[in-house]
Each structure stands twice: as structure tokens, then as C-alpha cells.
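Protein chains in written order, with our numbering: chain H, 77 to 328; chain A, -5 to 407; chain E, 68 to 418.
Every residue gets a Cβ at the ideal spot worked out from N, C-alpha and C, and that includes glycine.
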Amino acid sequence: MLKAGIDIGSVMTKCVIVRDETVIARAIGRSGTMPEIIAEKVLKEALSQAELDYSDLDKIVSTGYGRHIFSKAHFTITEISAVAKAVFHIMKTGCLIIDVGGQDTKTIEIDGSGEIVDFLMNDKCAAGTGRFLEMMAGVLETDIYGLGKLALQADKPVLLNATCSVFAESEVVSLIAHNEKKENIAAGLFNAIASRIATMMAHFNKNVPVVFCGGGANIPALKNSIEKISNRKLEIPEYPQFLVAFGSALTF
Amino acid sequence: MQKKFLNKYNEIILKNLSSKKPFLNDEFEQALKYRLKSGLSSMDDFYKAIESNFRIEKTQKDRYIGYFCSIVPEELLIACCLKPVRLCCEEYAWTNAGEEILPGDICPVIKSICGKFYNNVYDYLDLVIVPGTCDPKTKLAELLSPVKEIYFLDPGRNSDYLDNVDKWTALYTKFFEFLKQKFQCNAGRKQLLNACKLTNKRTEIFKKIYELRIKSPDVINAFDYYVMIYVSFFMDIEQWNNMAEKVYDEAKEKHSLSKKPKILLAGSPVIFPNFKILDVLQQAELEISSDIQCTSFGRFYNPVVIDEDTESGIIRALTLKNIAGSICPCLLNLEKMVNLIIDTVNQYKLDGVVYYNLRLCQVFETQTTVIRQVLKENKIPFLSVKSDFGKEDIGQLKTRFEAFREIIQSGKE
Amino acid sequence: MNKISISRRIVQVICLILLVYGGYIFKDWKQSAEAQKQSIFPSLNAPEGSISTTKFEKGSILWPSGATPVIENYPPTLVCRFNPNGGMFKACILHFFSENLTWRTSIKYLLPYITLFVLLCFLFGRAWCGWVCPIGTVGDFLTFLRRKMNIPVKRFPANFRMNLSFTGYVLMVIALTISTLIGMPNLARYQCYWFLPYCQICPARLICPMFGLIKPNWKDFSTGITTTFTILAWIVLGFFIAAFYWGRRVWCHMCPVGLINSWFNKGCGIELHKKAVKCIKCGYCADVCPMGLTKMYEIDKDTIYNQTGCIMCMRCIEVCPRKGCLSVKFFGKKFFLRRKTDAEKVSQQVQ
């Protein structure tokens, strides 16, 4: 059974092709202003990677913020159910899932049979999402992965005062003006985001393993910050950014 | 003697807060499009009533009394031949108009009420009764006193019958005396009994509609239901009873076709025209089968039980119906709310509970954790959402509701 | 009024008629002297030469004019001996104990009566008070009058009611002690004054004969003791009328017969159930209780609630607005569900 799962996120669109529960192709592209066109493009790219044609697919499932826009999809599912499915497929046990995406962060708890117990979404406030890190990376004249590398070399992370990401930007600018080291500022930024995430984690069961996925899981500095602040070990599965798309392909 | 609030400063306030019309208020017109979704022809009367509500022609002897909350006993108002008008409103444009009086992080319902009053929308009211339930509503007694005469009714925060029934009876008796004196009417036992008869008839019709909706939620859909509730705010009670009975008679002949999951909606009230939550729930393919909200269930579900049919006995029975039996979270009613939710879900085999919080309303939000934990223990799916009147978070709400539906459906398999 | 109230009123009126005029119906049941000796319920007669039976003629505070004091067989129920011709149902349990303590009847004659009484109480608890007692019926009529006259009810707090019960027990103990004492041979000469001390002050003695159109003995100022008893009887009657008029069933907290019945409430056949998850704490059950009991409102778990003091009038169950919250079971079987009605009957609660 050949299925395609497309995760049309607010920042990136991801696609995976799955044959009998194994991933055979992955593709990613920036969503931009025309998500439907990008979704088509990404799907084509994944298909060519797997040397398949559109007609070979049995099912196409779309998920994510733009799931209702993609007309070619046969089914839609929310990213919450999709990521739960994918993580349970990998872990085979109950756990707490943290998905740090471009414009939202989700924490989802699943039980021993893969059912979702409860979930929390932070999609109203940029602080705690990938958007925050992108903004700050711009201020420090690097990109999001560069920011992560900088943070790993910090010796004394800065404690940020601002709660809102917009105000955090001006705080960072003034810190730079005061000759604060970029590495320490970067580490401080990751700590700020991690404390937001740790607050969300505190709502859930404290005795289950924690799985970290989404685009944010590609940055080791973020993982370290969260582990330090929440005092729990995080596990990152393979290709964390594609988990939601994988999960949507597993459903139906 | 009722104290007049803000006596000294009334002129200053009136002078400085000018009355200007708000910008583009087409919410009502937009909301009336729900008429097309209704499958019942007898609902037309209700929609027509909403359209004509803006023009209230006040005759010489009509007296309109505005009030908030189910704490205020309508029966006493009806017994004195007054027309009660419930003023709770959730109109976004008036919220913006009320920013001048109440800037900042304050309940949007209160803001919209202030906006309406200071723009002379409620000129036809003779008196406004403000209950001392939540904090901003209590302060409304002072904020509105420059523009209207206010009567303040304070039931306290403790909802225990044993400790407080005498206090409540004294409160209502004093209120009744005030009404009789102000409006020069001689209402006694007979008028009270007639008023109770009317409200009991309304309770009976509401219960029939409520139970019909639990079994077949698409026969009278959620929009129709809340439109009926809204019309009861300002319509004469006998007329409402007749119209609602017609709707029930038409609806009970129909068969339910819907197989979608049935949920219970609890929490902040949903008032026309702010039907955003209902829209999104419908798009996410969930049926609102039952509700525990103060404007609908909390207001209509309890009958008046008259054992002692003396005048003071009837007033005492009214306090039990309105205050002791209320579900308002401003009083200490959390256990009652949880019991009601669990009982309704288990008895009628509903699929889940959605708890809707109005943003900036703290009393509802403080209840969420307890309800969540208890429902988790009882294996009932639960989702809590927080929103206000703006339309910018429809996508986010939809994601949550769809995820909830997926959880319910996978739980059923 | 709902189904239970209507049936209760009917039962109350029937019992009143039966207990007052039942004698005319059951007159032929009187058996001959020999048959009486062999029956399970032998007749209990005063001992030979007992002063108590010879001194009570016309003019005595106890006996209405024309009635005879000879005791025939009767199962003790909630009736008053002073009913003219109550027929099979002769007298209340307090009278039964009082009389037999004075006459020192042997236990083997008393056992069948006591067994019957205990059996009935075990089945029905204090439902006798709410459904059968004739002075209760009279009192409920006074309540009805008060409501028609638009006079508000007086509610009494819990400690006042406990004091009343305490007084009732004190009166009962004193009465039974006096009855025992005058049964002793050296004190027998006091029997003419102190016989049936509680009956002498009980209001039923003055009320029940009137139903048979017989004038009860209102006053007797012949001796010091009879004067005292007369005045005490007036005070108690006055309290009875005031309590029933202003306070629904406050008297029943003090009535010694009711207090004896209430011992059997906790384990009896009639069980009142509450399903706590359905309760919305509206307080109606506590508000309508004629005895002023509030346990039904306060209880937070699913229990059988039978409090001493409950007269099983079932008003709480009738008025509860939540279907299925309160119910009545008879030995575990559902006997009457709270409100057979659904929403349609709600408006009929208002007359």
C-alpha cells in the first residue's frame, strides 16, 4: 500500500511517501504565500525521489495548518493525531511528545495503547516557537542553525527579562550594545524558549519518556536547554521534522 | 433605601464620555444568515423577532427593566407587570465602543455592555438590576449609574442553602418591596403564583426541547437553539412559550440523520450574534447535543416548587430556584458543575465535553483543572478552549476541535 | 399536589375515619369471653379489685362520659384510646405500656401485642406518623388553614427541635415510672389520681373524641392533682395547636409515641435513597420537610437516608427537580420513583 502524507505547515511543507509503514522518500520546501502550489511541488519531488508516479499512490493524506487547502488530498487529519500515530509507531509505549514547529508548539501525551490522553497547544504567542528563534537569529546576524551552534559554546547564559518575543528583540539589541557575548545571548534565548516549553510539560504525567520532534528538534542547543530546565531526558527520533507527515500517512 | 452610586461625579462622567456611534456594526446582519441553516419553518418567527428588536416602541404604561444573570428573579418582575429584558451581550463592535470607559484587560462582555449603555442604546429602560456576582459585573453598578438608575442585588458568594436562605429571602423581599413602591403596583400572592406558572410552563417547554436535542441534536440545530435562547431575553414570556412550543411540535416529527459525535458544551455562555464557537464546532463535525451554561440550562432548567403558598413562602421558593440551584461559577458551585457534567454525559451516553472559556474571565478558567482531572478519572474525553469575540483564531480553534473529534472517534473503535 | 401527597392525604383521611368510626364497622368482631382466652391476643383485664377500674366514673378526667374502662383486646397502634369506638384499634403504645405496667400483666400475654407492634414498625418505620396518625391529620389541616390565610411558616432551628425531643423523652420516662410505681401494692391507693399520667396531658385525648361527637372531659378542678393535670393538658394542647399551626410538624419531635416509633426508622423496610451525583444542591428537599430535617440535602454520597425523625411523608422525593436523584425503595425494591412525571407535570405544582 503506497501512501503519501503531506504536512502543510506555516513555515515549511513536508512530504513523505510510505510503503507498508516504511518511509521510502522525503521532501521539504518553504510554504511561502501559496501553500497549494508548494504542496504539489513537494509531493512531486518526493515522488521523483522514490521513482514513482502520482497514479501509483493509493492514498494522499494532508495535515497541518493548510490541510484543507490541498485539493488533491483524499483525507485530512490534524497534526496532533498524526504525530501521536507516528511516535507510537516508533516508541510502542506511552510517552510525552513535544513538537516545536514554526509557529506553534504542541505537547501531547499518549498512553500505552497509542490513544491521546490530553494535549496542549501554544499557537497564540510566538515566544516558544520556531518563529522566535528565527527572529532572534536575524538580530544576531545568523540563521537558526547558526544560533544553535553559538549557544553550544556559551559559558554564562544571559537571563532575559522580556516575556514577549517582540520586546525580547529590543532587549537582545541592547545586550549586544553592552558587549555581551553572542554565545551567551544565544544560550539565554534558548533557555527562555525552553522554560516556556517546560511550563507546558508540567501539565502532564512526569513518569513517561519524552520524545522531541518537529523542526526545533534539529537544533541540539534547544534539546540541551529543555533537558536542563525541565530535568527530564529527551529522545529525538530519526528525521524529527517529518514525523507529522509520516504519522498522517500511517492513518487511514 | 437604595444607595445611589457615584452621585457626586455623575455629571463629570457624562460630560467627558461622549456618545458616538461605533464603526461598522454588521454583526447582526451577518449572524442572521444562520436562518438559512435552519430546517424548521417555525423558527422564522424567532428570526423576525430579532430583526424587529431594535425598534422597541415604548408605550406610556410599558415599563422595561434591564437585568443580568439568572440570580435576578424574573417572576417578581412579571408579578409587578414589568417587562424584564436580559442585557447580557457579546457583540464585538460594542466591545470596541466600550474601550473608552473600560480600557485594558477586562471582560469583553462587560465592555460591550458599557459601550451600549453609553451610546444610548438602552434609553427605553426604566431601571437596571445589577447582581453582585463577578467582579466586573459588580462594578457595573457604579459605572452605569450616571446613565441609568441601578438596583444592586447581592447574593453573596456562598451558594449553600442552609446558611444563606434567610439572607436571600430577605434580599428578595426587600427587592420586591422596592419594585412595588417604585412602580406603584400592588402585587400579591395571586400575581406571584401566575408569574410562577408562566415560568414553570417555560421550564417545561425548555426541558422538552433540551431532551429532544440530546437524542437528536440535528433536528433543532445549535444555531436555532441559541437563537431561541437569545429571543427569550427580550420577548414577552407567553409569546415565547407559544413560539417555542410550535418549534418543538414541528421538530419532534423529524428523524435524526446525524451520526456525528455528540458533545456537551459547558462554560461561558454563547450569546447571539457571537456564534463563532458554534460555527467552528459544526465545521469540525461535532454536534452540540447538550449544554450547561448559565443563559440556557442554568436559567430554565429548574422549576419553582411551591410548597408554602404564602407570599413569603413563594419568595423563598424563588431564592431556591434562582440562587441555590444556580450553576454560576461566581458562587461556590464547582462540585455541582462537575456532578452535572458527569451525570449528563453518563446518563445520555454523550461522547465528550468541550469547556469554553471566555478570554479574561477568571472564574471559568479557575475551574478548568479540577474538571479536567475528574473527567480524566471517569474516562470522559475533555477539551478546554479559550477564545473571545474576534475572528482571528478560527483556524486554531478548528485544529483543536478536529483533534478532539479524532480522539473521540479513535476511542470508540 | 403530586401523586404521593394525594395518596397520603387519602390514606390519612381513611385512617381517621376508620379509627374513629371503625368501631361501628368492627363491632361484631368482639369475641366471647371463652374465645378471647384462647386467641393469640388475649384480652387484658384489670386485676380484680383494682382501684383504677372502680374509681373512674362520670366526672373523671380520663374517661369521656359514658365510656367504659374495660380493656378489650387490641393491637397497639397509633390510635387514641379516647376515640369512641375505635373498634379493633384501641390505643397507642404508650397507653399500652402505661396500663400494663400499672396492672403488672404477665409478659406472656403482652408478647404477641409487642411482637405485632415491632413487626409493623420494622416494616414501616415512622410512616405511621405521616400516614395514619389522626392527630397528625388534624394538625396538617391546621397547616392548610394557615396557608390559606397567607401567614408565613415558622421554622425552628435544630437545637430547638432536639430540646423538644428531650422533653418528650423526659415526659415518657416520667409517665412510665409513675405507672410502674402505682402498680406496686403499697402505692396502689394512688392509682385513681395517677393512672395513665401521659394520657391525662396528651392532646389526643381532647381532640379525638370530638370526631365521634363526644364531648371530651375538658376540666376537672375537684382535687389538686386533677387541677394540675387539667392545666397541664391545656398547656400541652395549646402547644400542640400552636406548633401545628405555625410550624408544620414540630409537635412530632416531642410526641412520645412518635419517639418510640422513630427507634425503628434506621433499619425499616422503607428506604429513602439519594444518588449524590445527580444532586444540584437546590435545597428543596430540606425546605419542604415538615420535620425540618436537612440530611437529605447535606449527604454527598449514595446512601440510604433514614433519619430518626423522618415521618416518611416523601415530600422531599416529590419536589426534587432532578429525575432519579431521590427515590423510595421497599426492602430494596423500587416502590415509587421520585416523580413519575416528566416535564409535563411541572406546571401543575402551582395551583
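Distance CB(residue i)-CB(residue j) smaller than 7 Å
i                 : j                 : result
Ile388 of chain A : Val274 of chain A : yes
Val324 of chain E : Cys159 of chain E : yes
Phe322 of chain H : Val137 of chain H : no
Ala28 of chain H  : Ala103 of chain H : Residue 28 of chain H cannot be examined here, being either before or after the span of chain H that is shown, 77 to 328.
Ile269 of chain H : Gly204 of chain H : yes
Cys289 of chain H : Asp180 of chain H : no
Val213 of chain A : Lys248 of chain A : yes
Asn260 of chain H : Ser301 of chain H : no
Ile337 of chain E : Met363 of chain E : no
Val92 of chain H  : Gly81 of chain H  : yes
Gly314 of chain E : Lys400 of chain E : no
Lys380 of chain A : Arg399 of chain A : no
Val368 of chain A : Val339 of chain A : no
Val35 of chain H  : Val215 of chain H : The requested residue 35 of chain H does not occur in the structure, where chain H is confined to residues 77 to 328.
Ala262 of chain H : Leu209 of chain H : no
Chain A contact residues for residue i, given Cβ-Cβ distances below 7 Å
i                 : result
Glu185 of chain H : The premise fails here: Glu185 of chain H is roughly 11 Å from chain A at the closest Cβ pair, so nothing lies under 7 Å.
Asp199 of chain H : Gln390
Ile156 of chain H : Ala397
Glu191 of chain H : Ser404, Gly405
Phe195 of chain H : Ala397
Val386 of chain E : Val299, Asp301
Boundaries (first-last residue) of the beta strand (DSSP E) holding residue i
i                 : result
Ser378 of chain A : 376 to 381
His249 of chain A : His249 of chain A -> no beta strand (DSSP E), and no H or E assigned at all.
Glu338 of chain E : 337 to 341
Ile184 of chain H : 181 to 186
Met321 of chain E : It is not in any beta strand (DSSP E) - Met321 of chain E carries neither H nor E in the DSSP assignment.
Pro125 of chain A : 119 to 125
Ile93 of chain H  : 88 to 95
Opening and closing residue of the alpha helix (DSSP H) in which residue i lies
i                 : result
Lys343 of chain A : First-last for Lys343 of chain A: undefined, no H or E at that position.
Glu210 of chain H : 206 to 215
Pro270 of chain E : 270 to 278
Ser32 of chain A  : From DSSP, Ser32 of chain A is part of no alpha helix (DSSP H); its letter is neither H nor E.
Asn113 of chain A : Per DSSP, Asn113 of chain A belongs to no alpha helix (DSSP H) and is neither H nor E.
Pro179 of chain E : 174 to 191
Phe135 of chain H : Reading off the sequence shown, one finds Lys at residue 135 of chain H, where the question assumed Phe. Premise fails: Lys135 of chain H lies in the beta strand (DSSP E), 135 to 139, not in any alpha helix (DSSP H).
Cys190 of chain A : 183 to 209
Ala194 of chain E : 194 to 198
Residue i: contacting residues in chain H (beta-carbon distance under 8 Å)
i                 : result
Thr362 of chain A : Residues of chain H passing the Cβ test: none, with the nearest at roughly 11 Å.
Arg207 of chain A : Those do not exist, as Arg207 of chain A stays about 27 Å from chain H at its closest Cβ, beyond 8 Å.
Cross-chain neighbours of residue i in chain H, by beta carbon under 7 Å
i                 : result
Glu400 of chain A : Ile153, Thr154, Ser157
Arg394 of chain A : Met197
Contacts of residue i in chain A (Cβ-Cβ under 8 Å)
i                 : result
Thr361 of chain E : Leu156
Within chain E, the residues that residue i reaches when beta carbons sit closer than 7 Å
i                 : result
Leu314 of chain A : Cys349, Gly350, Tyr351, Asp354
Gly98 of chain A  : Correct list: empty, because the minimum Cβ distance to chain E is about 36 Å.
Gly307 of chain A : Pro219, Val220
Where residue i meets chain E, residues with beta-carbon distance less than 8 Å
i                : result
Arg57 of chain A : The contacting residues do not exist; Arg57 of chain A stays about 24 Å from chain E at best.
Chain A contact residues for residue i, given Cβ-Cβ distances below 9 Å
i                 : result
Tyr236 of chain E : Within 9 Å Cβ-Cβ: nothing; Tyr236 of chain E doesn't reach chain A, min ~26 Å.
Tyr364 of chain E : Tyr155, Leu156
Check: residue i C-beta below 6 Å from any heavy atom of the ligand MN
i                : result
Val94 of chain H : Absent from the structure shown: the ligand MN. Ligands present: none.
For the stretch 250 to 270 of chain E, list every residue whose C-beta sits within 9 Å of some C-beta in chain A, in sequence order.
Of all residues in the stretch 250 to 270 of chain E, none is placed with a Cβ closer than 9 Å to any Cβ belonging to chain A.
Taking a cut of 7 Å between CB atoms, which residues from the stretch 329 to 355 of chain E lie near chain A?
Result list: Val344, Lys345, Cys346, Ile347, Lys348, Cys349, Gly350, Tyr351, Ala353, Asp354, Val355.
Determine which residues of the stretch 214 to 229 of chain E have a Cβ less than 8 Å from any Cβ of chain A, and write them out in chain order.
For chain A, the residues of the stretch 214 to 229 of chain E that bring a beta carbon within less than 8 Å of one of its beta carbons are Arg214, Asn217, Ile218, Pro219, Val220, in chain order.
Could you tell me which whole beta strand (DSSP E) segments of length 3 or greater appear in the stretch 269 to 293 of chain A?
Look at the stretch 269 to 293 of chain A and you find these whole runs of beta strand (DSSP E), each 3 residues long or longer: 281 to 286.
For the stretch 234 to 246 of chain H, which residues have a CB atom closer than 7 Å to at least one CB atom of chain A, in sequence order?
Flagged: no residues at all.
Quick one, which residues of the stretch 313 to 326 of chain H are near chain A if we go by CB-CB under 9 Å, in chain order?
Cβ contacts with chain A come from no residue of the stretch 313 to 326 of chain H.
Interface positions of the stretch 301 to 312 of chain E facing chain A (Cβ-Cβ less than 9 Å), listed along the chain:
Those residues of the stretch 301 to 312 of chain E that come within reach of chain A (Cβ to Cβ, closer than 9 Å) do not exist; the list is empty.
Interfacial residues, the stretch 317 to 342 of chain A to chain E, with Cβ spacing under 7 Å:
Of all residues in the stretch 317 to 342 of chain A, those with a C-beta nearer than 7 Å to a C-beta of chain E are Ala318, Gly319, Lys330, Asn333, Leu334, Ile336, Asp337, reading in chain order.
Listed from N- to C-terminal order along the chain, which residues in the stretch 272 to 305 of chain A have their beta-carbon within a distance smaller than 8 Å of any beta-carbon of chain E?
Listed by position, the residues of the stretch 272 to 305 of chain A near chain E (Cβ gap below 8 Å) are Tyr295, Asn296, Pro297, Val298, Val299, Ile300, Asp301, Glu302, Asp303, Thr304, Glu305.
Determine which residues of the stretch 139 to 163 of chain A have a Cβ less than 8 Å from any Cβ of chain E, and write them out in chain order.
Those residues of the stretch 139 to 163 of chain A that come within reach of chain E (Cβ to Cβ, closer than 8 Å) are Ser153, Asp154, Tyr155, Leu156, Val159.
Could you please tell me which residues of the stretch 166 to 191 of chain A, in chain order, have their CB closer than 7 Å to any CB of chain E?
For the stretch 166 to 191 of chain A, which is checked against every Cβ of chain E, the residues closer than 7 Å are Arg183, Leu187, Cys190, Lys191.
With 8 Å as the limit, tell me which residues of the stretch 124 to 144 of chain H have their beta carbon closer than that to any beta carbon of chain A; keep them in chain order.
Going along the stretch 124 to 144 of chain H in chain order, one finds Tyr141 with a Cβ nearer than 8 Å to chain A.
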